[in-house]
Each structure stands twice: as structure tokens, then as C-alpha cells.
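Participant:
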Amino acid sequence: MEYVIEMLNIRKEFGTFVANDNITLQLRKGEIHALLGENGAGKSTLMNVLFGLYQPEGGEIRVRGEKVNIENPNIANELGIGMVHQHFMLVEKFTVTENIILGSEPRSGLTVDRATARKKVMDISEQYGLRIDPDAKIEDISVGMQQRVEILKTLYRGAEILIFDEPTAVLTPQEIQELIQIMKRLIEEGKSIILITHKLKEIMQVADRCTVIRRGRYIGTVEVDETVNEDSLAEMMVGREVNFDAEYSKANPQQVVLDVQQLVVKDSRGLKVVEGLDLQIRSGEILGIAGIDGNGQTELIEALSGLKKPEAGKILLNGKDVTGFTPRKVTESGVGHIPQDRHKHGLVLDYSIRDNMVLQTYYKEPFSKRGLMNYKAVAEKAKALIEKFDVRTPSIDVPARALSGGNQQKAIIAREVDRSPDLLIAAQPTRGLDVGAIEFIHEQLIKEREKGRAVLLISFELEEILHVSDRIAVLYEGKIVGIRDPKETTEQELGFLMAGGKRGEETV
Amino acid sequence: MNKLAYNRLLIPLLSILMGLLVGAIVMLIGGYNPVQGFSSLFSGMVGSPYAIGETLRAAAPLIFSGLAVAFAFRTGLFNIGVEGQVLIGWVAAVYVGINFDLPMFIHLPLALLAAMFAAALWAFVPGFLKAKFHVHEVITSIMMNYIALYTTNAILRSVIGVTNERTEDIKDSASLASPMLQELTTFSRLHWGILIAVLAAIVYYYILQRTTLGYELRAVGFNKHASQYAGMSVNRNIILSFVISGMFAGLAGAMEGLGTFNGMTLSASFTGVGFDGIAVALLGANTAVGVFLAAILFAGLNIGGLAMQLGANIPSELVKVIIAAIVIFVASGYALNYVIEKLKGNRKKGVEKK
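First to last, the protein sequences are chains A and B.
Mapping the first sequence onto this note's numbering, position 164 (from 1) lands on 156, and the numbers just tick up by one.
Just so we're on the same page, this note's numbering is the position in the second sequence counted from 1, plus 3.
1. Please report the Cβ distance between residue 4 of chain A and residue 65 of chain A, rounded to the nearest whole angstrom; I am assuming they are in contact, meaning their Cβ atoms lie under 8 Å.
2. By how many angstroms is the C-alpha of residue 60 of chain A removed from the C-alpha of residue 265 of chain A?
3. Using a cut-off of 7 Å between C-beta atoms, extract the partners of residue 352 of chain A located in chain B.
4. So, with DSSP's three-state summary, where would you put residue 451 of chain A?
5. Please identify, using Cβ separations under 7 Å, the residues of the region 189 to 217 of chain B that lie next to chain A, in order along the chain.
6. Would you identify the three-state DSSP class for residue 182 of chain B, choosing helix, strand or coil?
7. Count the C-beta pairs between the region 96 to 106 of chain B and the region 156 to 163 of chain B that are closer than 8 Å, then say yes if the count reaches three, no if not.
8. Alpha carbon to alpha carbon, what distance is there between residue 142 of chain A and residue 252 of chain A?
9. Please list the partners that residue 342 of chain A has in chain B, where partner means a Cβ-to-Cβ separation under 8 Å.
10. Starting from residue 365 of chain A, find everything on chain B with Cβ-Cβ shorter than 7 Å and list it in chain order.
11. I need the straight-line Cα distance from residue 69 of chain A to residue 153 of chain A, nearest angstrom please.
12. Please tell me whether residue 213 of chain A has its Cβ less than 8 Å away from any Cβ of chain B.
13. By the 10 Å Cβ neighbour count, where 16 or more other Cβ atoms means buried, how is residue 140 of chain A classified, buried or exposed?
14. When you compare the CB of residue 362 of chain B with every CB in chain A, is at least one pair closer than 8 Å?
15. Rounded to a whole number of angstroms, what is the C-alpha to C-alpha distance between residue 131 of chain B and residue 240 of chain B?
16. Establish whether the CB of residue 229 of chain B and some CB of chain A are separated by less than 8 Å.
17. Between the region 263 to 276 of chain B and the region 77 to 89 of chain B, can you find at least three pairs of beta-carbon atoms closer than 8 Å?
18. Please identify the residue among A:466, A:184, A:261 whose C-alpha is closest to the C-alpha of residue 269 of chain A.
19. Starting from the beta carbon of residue 582 of chain A, find every residue of chain B whose beta carbon is closer than 8 Å, and list them in chain order.
20. At a Cβ threshold of 8 Å, is residue 117 of chain B touching chain A?
21. Taking contact to mean at least 3 C-beta pairs separated by less than 8 Å, is the region 27 to 36 of chain A in contact with the region 182 to 193 of chain A?
22. Do residue 17 of chain A and residue 27 of chain A have their C-beta atoms closer together than 8 Å?
23. Are the C-beta atoms of residue 284 of chain B and some chain A residue less than 8 Å apart?
24. Measuring CB to CB, does residue 272 of chain A end up less than 8 Å from residue 248 of chain A?
25. Let me see if you follow: with CB-CB separation under 8 Å, is residue 6 of chain A close to chain B or not?
26. What's the gap between the Cα of residue 497 of chain A and the Cα of residue 238 of chain B?
27. Would you check if the distance between the CB atom of residue 295 of chain B and the CB atom of residue 282 of chain B is smaller than 8 Å?
28. For the pair the region 32 to 45 of chain B and the region 258 to 265 of chain B, tell me if three or more CB-CB distances fall below 8 Å.
29. Out of A:168, A:84, A:183, state which residue places its alpha-carbon closest to the alpha-carbon of residue 20 of chain A.
30. Under 6 Å Cβ to Cβ from residue 277 of chain A, same chain only, skipping five residues before and after it: list those, please.
31. Determine the direct distance from the alpha carbon of residue 76 of chain B to that of residue 85 of chain B, and round the result to whole angstroms.
32. Any Cβ of chain A within less than 8 Å of the Cβ of residue 222 of chain B?
33. Identify whether residue 224 of chain A lies in helix, strand or coil by the three-state DSSP scheme.
34. In the DSSP assignment, find the unbroken alpha helix (DSSP H) run with residue 425 of chain A in it and report its ends.
35. Closest to residue 480 of chain A by CA distance: which of A:375, A:232, A:431, A:459 is it?
36. Measure the Cβ-Cβ separation of residue 179 of chain B and residue 164 of chain B and say whether it is below 8 Å.
Structure (C-alpha cells):
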């Protein structure tokens, strides 16, 4: 069997930390090879070594049988290795064509030869079945389209080997299916693909083989055929059995806790992105909001948490009007909030774990008295919380920055849940976390529900919404366009609603 | 020692050494003898009771201006307007010092409070503009410096009535001068200000590390988004931070007006105390102890420079070169850190190869 890429016994260290310990990955020509591992397992490090961003301390890389020394990304490009980044590297104000040719423009004299460029882009797009509008601006096209532009960029530069870094994280279910078709087409055209992911379903669907790494170590490479299934892959990845279909107890909804009426919120550009939204959540239930990023989720959260004043409409909490309250007054009215961006909004990363645990309550007794902090009481609180929620940290005095993503999120949840809020808003609570941490966080949400709290879950991961919610509200262009029972709906139906499809359902 | 604290100490110390090295090189290029130069520089800094007295005397205002800059830094703001706030504090202190006739235990505190209050008011402006209209504080506070410079001259002429370049002396009851300290240091101009500076450094530490306000200010400084999410008022903290920073700056002016000069002189240019405060805060890593030590070092270099000119015939401007070099090395501490890591890494690799 011919290998186009062989990474043999790669070792990469950062100081005393070994990110890649003796990892081997061999990519056959014309295959889709999945690279599976939890967050922090070393997937990105390995790919950055291949792409020339890091120099390995040990091991060797062979491309088409020849030993190579990839010192920088330019060499990777010359070797025909292209990377489709998870966070797109596109110029918003440029057109599709301009973005694709950027850096290697066809020229005529001193100017860019736009006609040739456009033709070349169209040719490639046709050859691989990547439908795009070459003259549209990036800011005007969907995320799925933007990803195609990223793929075209690598193809335009002559990539034979494509690395996809978590490509489905930002896509709708329909777009994911389209991407899978694109990947299959690329293989037919003779390309080889490395797919970095932690989504097992996708691996089962497209990958020919799968290499699993765990905590920087090579676990093994398996053929993806009938002998493997999601459970066995998960076990390889995590190192223990994982219960995916944990059956949670049934919801027992009581009185209405949050009642949002005809809410209108503008975004930072002054556009109305939440437009007449109605929503009710009862105590003892988890309401999941499904929707594609950018349909008003952020602004809805900001309005609910008091960060943004709504233009119109009402927010009632336990029957009390809290519209336009400051964040502190909202918090004091009984709202807990796990923010979407835990680094930017959830934690003060340079503060110790101790200090982060009282970010909302520091001004209250016993944490402070007559304007003076009582750090002893704060430390006691922090110790109790990290123990109760199993936050893994060497001590409460290390900066929050030093913790892993999962433990940072645990710390936030500990802090928010500890205040016993009537309403818990969880925005993308498991983003970027590994299977173990996701399990833990879902359990916490269920626990809160069982305590009779109302939980609002906002997530771009349909699987998560379907798994945890008692009711699912679909958000599209700032409105709830449908409410579904997770037991009676499908990803397809939700995806259809999320994309603005109508089925004559009444708005709720 | 943990790695962070180690680096926080290592970089300033290394920067000082490298700054002195640059000074030595410049001396050599200029045809001077560095050994002679440094020996007269150091003896001018700390070589005699008089030198120590003068160094501490010059350090007092730098400690205050350093604390002023550092306080704003710690809360995520760059108060480049300390210079102007120093001038305003100075003129306010001198005004009270001249125009009131009170017993000392009221007069002196009143003059100090006037300096603090006036400078705080001056610092309030950029803070308010930032909080209310998102005007960048660097721009406004720089401009406020110029306004302060010409405003103080105008006040000196019209309100205090300076006709002859300089105000009359402040009343003794408002003076920080101490015959005892002067005698102790063989008649340097050392005054009680240095003790107030020690007190201020303690207050600085206390506000930031012990009070609820300090917890809030630092949180906003580190991450204003998370602080806002958590219910803190970012705008209120911005204004407060500027006001407190201004109070420290005002006291720097009071040191000059009530301590060293016993009055104020019309001036066409800045004092430099406020700008030096930026360097002091930088070298002192915005900590109370660091600012205190850095201010003494810079003050000592400035004072020692005069001795160097006399003793080794080297222009005293050379210390400006040394100070500037130190600042550049500290500011590029990140790069320096990188070099240190690299050296360590190479050493490790070398060992492995063997």
C-alpha cells in the first residue's frame, strides 16, 4: 500500500509537557483518514507539525516515501499539503475569487489578472463540484459557503493532501451532509484527506481508517468497517466505557419561571436581530434553543442577562418584570449564567480560582464586610466548590488560565449553580470540551432541573439539544419558529426549521 | 521559587544590568573611563549621607507618580496624564500653602488634600470621557497635560500673583521640610515626603489587594467583559481608577511644592516627574514594592549623574541614556523572556545530546 504521508514516531514537547509522544500516522493515497482524540489529546499539535508550524523533537515525516523536513507552512504548501482551518482565514470584504487567489495572484504586468483568476477559480470549482458564486463577498455568504472557499483555497494552491480541522463544528446538519459529499468527491478526484474530529458519527460515515490518540499518546489505527462502532471508538478515545444514551429521568415542569414576551433586541450594528421573540420556560424543565449561529442567540442571552437593553418587549422572571435590569440586578433576581465564551465572559483568567469563585458575590457577606475583602471566607468557599464539583486544580491559588477547558467550565458551573438560581442560562456549555467533561456538564444540567430550576440551554450542537432538552425551541432570524418534543422530532426536521423552512406550524 | 515570581524579578534586574552595560559602552565610545564614571555615579547616589538624602528626596515624587501610573495600569488603563496631574497638584498645594494661615496640623494636611483633590478632578476628565463616550484615555490624558501646563502658568500669574518667575515661599506651617532630616543627611534637602511616600505605597497595596474596590478594579483591569457579565459597573471603575490615580499624582506635585522647592516657578516645559512615573511603574512591575525601589533607583541615577559630571567629567545626560536603556529592556521583557527560555532550551538539548 502506498502512503502519501507518513508521520513516524513523532515527538513534540513544550517545556516539560509532552504533547505528542511517539505518534505514528500513515495516510494512504485516496483515503479519508480520521484523527480522533479528545480536546488536548494532541491532534492539533500533530497537524501543526505536519503543516510546518512546529518542529518535532523526534521522529520523521515522509511525503510520498521521501523523508522531508517541513520547516514552515510554505514548504508544506509546496509538498501539496493544504489545511482547511476550523476558524476560517478569510477577508470579509473581499470576494470569493479574491480570497482564493490571495497570495498567489495571476498577474498581467503590475495588476491582478482578474479574468484569468476568475476562470481558474470557476474551473476548479466545477472540477470538484464545489458550487460557489465567485463574485460574492465573504460577508454575504453562509458559513457553509465560506468553508467551501477555504477548501478551494487549498485546491487552488495545488494541494493533494487536505487536512480538515473539525470542519463540521460550525455547520448545520444539511451542510454537514453536503460537506461529506464534497469530501467523497475530492477522494474520487485523487486527493487524500486527514479529518480531525471528535465526532464519532462522522467518522463512521466517511472515514476509511481512523487513528486514535489519547493524552499525547498513540493508541492505535483501525479500519472503519463493520467491526468497529461508535462505542468502541469512544472507548479507545477516552480509555473507558462511555455511556452515550444515558437515560435521564423525566421532566416535571411546574410554574413558569421565565416569560419572554415580544422581545426585540438590536445588535452592535443597530440591526434588530431578535424580533418579537416569545418564550416560556417552566421550573423543572430544560428548554433547548436550536439554531444556527447568528440568528439572535447572542443578543437574546445579552438581553436576558441584562447586558443589553431590549428595544421592546418584556422579560418576566417569576412574574416580576426584570426588563432592562442591570446584570447585577438580574443576578440578584435569581439568574445563573454559563456564558458562551468562558474565557471572555465567564472567568477573569488572570485571577486565581479562588477569586473567580466570587465574581458575582464578592461584595456580599461573608466575602466582604465594610468594603474590605475577607479572602479567608472566599478561600473556604472556593475549596468547598472545587471539591463538590471535582474541579481538577493543583490549588485554589493558581490562575484560572492554567486550568484545562473542562475544568474551567466546571468551575463556572460550580459558581453559577451554587447561587441556587431559579433560572440557569447555559450557552454552549460544552463547546470545545471532551466526552468526559460533556457527560459531567449534562449531568449537572439535569440535576438542576431535578431541583426544580428552569434551565435554558442554547447550543449549536443539535445532538446536545436533542440529548438533554425536554422541549426544543427553534430560533430563526430572531424568532422562535417552532417548538418540538425531542422524542418526536429528528435532526432533519430541526435542521429544516433552523434553515428557515416552514411547515405550516404555528409560532409559539 | 515559583517560575512567575522568578521571572518578575529576573527581568527587571537583568534590564538594570544591561542598561548599565549600555551606559558603559557609551562612556567608552565617548572616550571616558567607565570605571571612574560608575564609581563617581554610585558614590553620588549612595556614597555619603548627603547623597542618600538627595536620592531619597528625589525619589519621593517619583514614588507617587509611579504609583499613579501603576494604579491605572493595574486596572487596565494607561494614565499618561500623570504629568499634568502633578502640575495641578503642585499648584493647588502651593496655593493653599501661601494663602492660608493655619496651625501646622491643619495647614499641611489641607495643602496635601488640596493637591490630591485638584489632581483627582483633573484626572476625572479623561476617565469620564472614556466611560461616557469611549474616547481613548491616552489621547485625552496627553492633551490634558498641555492644558495643565498652561493653566498652571496662568494660575501662577493671575491667581497667585507671580510677577518674578517664582511664587513667594509657602508658609512654614505647610512645609514638609525637616531640619532633623536635613541635619541627619549633612544638609541635603530631604523632607518628610519620603515617609508619606512609604505610607502611600502601603495604601496602594491595601486598596488593590485588600478592599472590595480593589478586587473590582483589578477584575475590570484583567477582563472588563467578564466583570461586566458578573455585574460590576465597568464605567464607574474606569472613572474611579482615574480619580485615585490622579490623587497619587497630585501628591507627587505636593512633594515638589511643599517639600523640595517650597513654592513653584513659572515653566515653559514639563517637570518630567509624571513621565518618569511611567518608567518607574514599568520597572516596578506595577507593584508597591517594585515602584518604591524603582523610584529610588531612577532618582539615585539622576542625582548621581550630577556627581559623575563633577567627578569624572562625564555629561550627566548619560544617566538619561542608562534610564532609557533600562526602560527599553524592561519593555521588551517579553523578548527577553524568550531569549532566556531559548538559552535554557539549548542547554537542555546540549545535555541530551551528550
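Glycine included, C-beta positions come from ideal geometry on N, C-alpha and C.
Just so it is clear, the structure is predicted and the values come from calculations on it, not from any experiment.
Facilitator: Quick answer:
1. The Cβ separation is near 16 Å, so there is no contact.
2. Roughly 51 Å between the two C-alpha positions.
3. Correct list: 233, 234.
4. Looking at residue 451 of chain A - three-state DSSP - the assignment turns out to be strand.
5. If the cut-off is 7 Å between Cβ atoms, the region 189 to 217 of chain B has 213, 214, 215, 216 near chain A.
6. In the structure shown, residue 182 of chain B sits in a helix (DSSP, three-state: H, G or I).
7. The region 96 to 106 of chain B vs the region 156 to 163 of chain B: in contact.
8. Cα to Cα, the separation comes out at about 39 Å.
9. Here the neighbours are 225, 226.
10. For a Cβ distance threshold of 7 Å, residue set 213, 214, 215, 218 of chain B lies close to residue 365 of chain A, ordered along the chain.
11. Computed Cα separation, rounded: 10 Å.
12. With 8 Å as the cut-off, residue 213 of chain A does not count as an interface residue toward chain B.
13. Residue 140 of chain A should be labelled buried.
14. Residue 362 of chain B lies beyond the stretch modelled for chain B, which goes from 4 to 357, so this question has no answer here.
15. Their Cα atoms are separated by approximately 10 Å.
16. Output row for residue 229 of chain B: interface = yes.
17. At 8 Å Cβ cutoff, the stretches touch.
18. Of A:466, A:184, A:261, the residue nearest in Cα terms is A:466.
19. Past the boundaries of the shown model lies residue 582 of chain A; chain A is included only from -7 to 500, so the question cannot be answered.
20. It does not; no Cβ of chain A falls within 8 Å.
21. Contact holds: three or more Cβ-Cβ distances are below 8 Å.
22. Taking 8 Å as the Cβ cut-off, residue 17 of chain A and residue 27 of chain A qualify as a contacting pair.
23. No, because no Cβ of chain A sits closer than 8 Å to the Cβ of residue 284 of chain B.
24. Yes, the pair counts as a contact, with Cβ atoms nearer than the cut-off.
25. Residue 6 of chain A has a beta carbon lying at 8 Å or more from every beta carbon in chain B.
26. Here residue 497 of chain A scores only 47 on pLDDT, less than 50, and its place in the model is too uncertain to base an answer on.
27. Not a contact, by the Cβ cut-off of 8 Å.
28. No: the two stretches stay apart, fewer than three of their Cβ pairs being nearer than 8 Å.
29. Looking from the CA of residue 20 of chain A, the closest CA among A:168, A:84, A:183 belongs to A:183.
30. Contacts found: 243, 245, 462.
31. Cα to Cα, residue 85 of chain B sits roughly 12 Å from residue 76 of chain B.
32. Cβ-Cβ to chain A under 8 Å: yes for residue 222 of chain B.
33. Helix.
34. First-last for residue 425 of chain A: undefined, no H or E at that position.
35. Residue A:459 is the option with its Cα nearest to residue 480 of chain A.
36. Contact flag unset, no.
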